[in-house]
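S.K.:
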DNA sequence: CCTGACCTTCCAGTCAGTGGAGCCTCTATG
DNA sequence: CATAGAGGCTCCACTGACTGGAAGGTCAGG
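Residue numbers (the numbering used here), protein chains in the order written: chain D, 1 to 128; chain A, 1 to 128.
#1: Buried or exposed: residue 13 of chain D, going by 16 or more other Cβ atoms within 10 Å of its Cβ?
#2: Could you pull the start and end residues of the alpha helix (DSSP H) that residue 72 of chain D belongs to?
#3: Using a 10 Å radius around the Cβ and a threshold of 16 neighbouring Cβ atoms, would you call residue 45 of chain D buried or exposed?
#4: For the alpha helix (DSSP H) containing residue 3 of chain D, name the first residue and the last one.
#5: For a cutoff of 7 Å on Cβ pairs, would you count residue 113 of chain D as touching chain A?
#6: Assign residue 29 of chain A to one of three DSSP states: helix, strand, or coil.
#7: Please list the partners that residue 118 of chain A has in chain D, where partner means a Cβ-to-Cβ separation under 9 Å.
#8: Can you name, in chain order, every residue of its own chain whose Cβ lies under 6 Å from the Cβ of residue 42 of chain A, other than the five neighbours on each side?
#9: Work out the CA separation of residue 47 of chain A and residue 81 of chain A for me, nearest whole Å.
#10: Answer with buried or exposed for residue 23 of chain A, where buried requires no fewer than 16 other C-beta atoms within 10 angstroms of its C-beta.
#11: Is residue 46 of chain A close to chain D, meaning its C-beta is less than 7 Å from at least one C-beta of that chain?
#12: Would you call the segment 82 to 91 of chain A and the segment 60 to 67 of chain A touching, i.e. three or more CB-CB distances under 8 Å?
#13: Quick check on DSSP: helix, strand or coil for residue 64 of chain A?
#14: Verify whether the separation of the beta carbon atoms of residue 116 of chain A and residue 7 of chain D is less than 7 Å.
#15: Expressed to the nearest angstrom, what Euclidean distance is found between the alpha-carbon atoms of residue 17 of chain D and residue 102 of chain A?
#16: Using a Cβ-Cβ cut-off of less than 8 Å, list which residues of the segment 99 to 111 of chain D approach chain A; keep chain order.
#17: Can you list the residues of chain D that residue 51 of chain A reaches, using a CB-CB cut of under 9 Å?
#18: Between the C-alpha atoms of residue 105 of chain A and residue 2 of chain D, what's the straight-line distance to the nearest angstrom?
#19: Here's a check: name, in chain order, each residue in its chain whose Cβ is nearer than 7 Å to the Cβ of residue 30 of chain A, leaving out the five neighbours to either side.
#20: Whole angstroms is fine: what's the gap from residue 15 of chain A's alpha carbon to residue 123 of chain D's?
Shown next as structure tokens:
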């Protein structure tokens, strides 16, 4: 399998796949012409990575998850721990964004949005 | 005012303030000894920047907002537009994070988290 | 043989800072 | 007056997770 097919089947850009090889997440073989020769194994890993990244796991997390995924004797508790820490981080981020959202929504609401220069948004951003 | 005082009063690290000068957001004068000499004006701008960044505006947004802030004849509609676009982006991000959160929470819930290798989290990440 | 798609490497840039080295300047104290 | 320590300066490199582009090699079809 060449990188194009893997890219299409995994949903990841070729650039990203090369990058993942660069940082050691996958180790595809090479054809005599120098092209990367992917096996099903690498395709699976890339699909795994795509899903994990889409769930917001960092590359570092992904590395740990991949290792656990490949380790037949892993304890599910190890995986659960990584996931729980990540879950808490997502939760916190949602909270932050929500309060940003609320503040900003209030300001947008209060702003006339016309040709006059008077604007509560800028007023609020200004030092009090 | 030296950078230390400005840092304390604006709440921004000195490094960040130098960076903001670097990218042209502020233009403090210089003392004969080479130290940056901040006026109230720059302090205000930095405080403004701190608030805007805390609300998640990008530096590019901040540049536009600063320009509008300094423009006595700006239309509040211009400001409102930037804010509305940003608000929509925040909203979308919250949605993404929320669905990540829900998916992950389900998985964590389903995972025994014990010494056995059977783990629904990894199962779900695997290609189906 | 040629075209165009696909592959390769390598370098540079993104965003918004952060960390550190090496050096200069100011102020307070002995 | 010497010195210690705090604070200032510049410059370079690094972060994460890619992305863009240049310059060139390879392959399949007509």
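We put the CB at the ideal spot given by N, CA and C, even for glycine.
M.R.: Judging by the given coordinates:
#1: Your numbering for residue 13 of chain D matches position 13 in the first chain. Residue 13 of chain D should be labelled exposed.
#2: Residue 72 of chain D sits at position 72 when you count from the first residue of the first chain. Neither: residue 72 of chain D is in no alpha helix (DSSP H) and is coded neither H nor E.
#3: The count along the first chain starts at 1 and reaches residue 45 of chain D at position 45. Buried, because 16 or more other Cβ atoms sit within 10 Å of the Cβ of residue 45 of chain D.
#4: Here the question's residue 3 of chain D lines up with position 3 in the first chain. Element bounds for residue 3 of chain D: 3 to 10.
#5: Here residue 113 of chain D is taken as the residue at index 113 of the first chain, counted from 1. Yes, because at least one Cβ of chain A sits closer than 7 Å to the Cβ of residue 113 of chain D.
#6: Indexing the second chain from 1 puts residue 29 of chain A at position 29. Three-state DSSP puts residue 29 of chain A in a strand.
#7: The residue you call residue 118 of chain A lines up with position 118 of the second chain. Simply 76.
#8: Working through the second chain from its first residue, we reach residue 42 of chain A at position 42. Excluding positions up to five away in sequence, the list reads 26, 28.
#9: Residue numbering aside, residue 81 of chain A sits at position 81 when the second chain is read from its first letter. Residue numbering aside, residue 47 of chain A sits at position 47 when the second chain is read from its first letter. Answer to the nearest angstrom: the Cα atoms are 22 Å apart.
#10: Here residue 23 of chain A is taken as the residue at index 23 of the second chain, counted from 1. With fewer than 16 Cβ atoms within 10 Å of its Cβ, residue 23 of chain A is classed as exposed.
#11: Reading the second chain from its first residue, position 46 is the one you call residue 46 of chain A. It does not: the Cβ of residue 46 of chain A has no partner Cβ on chain D nearer than 7 Å.
#12: yes
#13: Looking up residue 64 of chain A in the second chain gives position 64. In the structure shown, residue 64 of chain A sits in a helix (DSSP, three-state: H, G or I).
#14: By 1-based counting over the second chain, the position of residue 116 of chain A is 116. By 1-based counting over the first chain, the position of residue 7 of chain D is 7. No, these two residues do not count as a Cβ contact at 7 Å.
#15: Position 17 of the first chain, counting from 1, holds the residue named residue 17 of chain D. Position 102 of the second chain, counting from 1, holds the residue named residue 102 of chain A. Distance between the alpha carbons of residue 17 of chain D and residue 102 of chain A: 28 Å.
#16: 100, 101, 103, 104, 105, 107, 108, 111
#17: If you number the second chain from 1, residue 51 of chain A lands on position 51. Ordered by position in chain D, the residues that pass the 9 Å Cβ test against residue 51 of chain A are 124, 125, 126, 127.
#18: Stepping through the second chain from its first residue, residue 105 of chain A is reached at position 105. Stepping through the first chain from its first residue, residue 2 of chain D is reached at position 2. Each residue's alpha carbon lies about 36 Å from the other.
#19: Counting from one through the second chain, the residue named residue 30 of chain A turns up at place 30. Same-chain partners within the cutoff: 36, 37.
#20: Reading the second chain from its first residue, position 15 is the one you call residue 15 of chain A. Reading the first chain from its first residue, position 123 is the one you call residue 123 of chain D. If I take the Cα positions, the gap works out to 27 Å.
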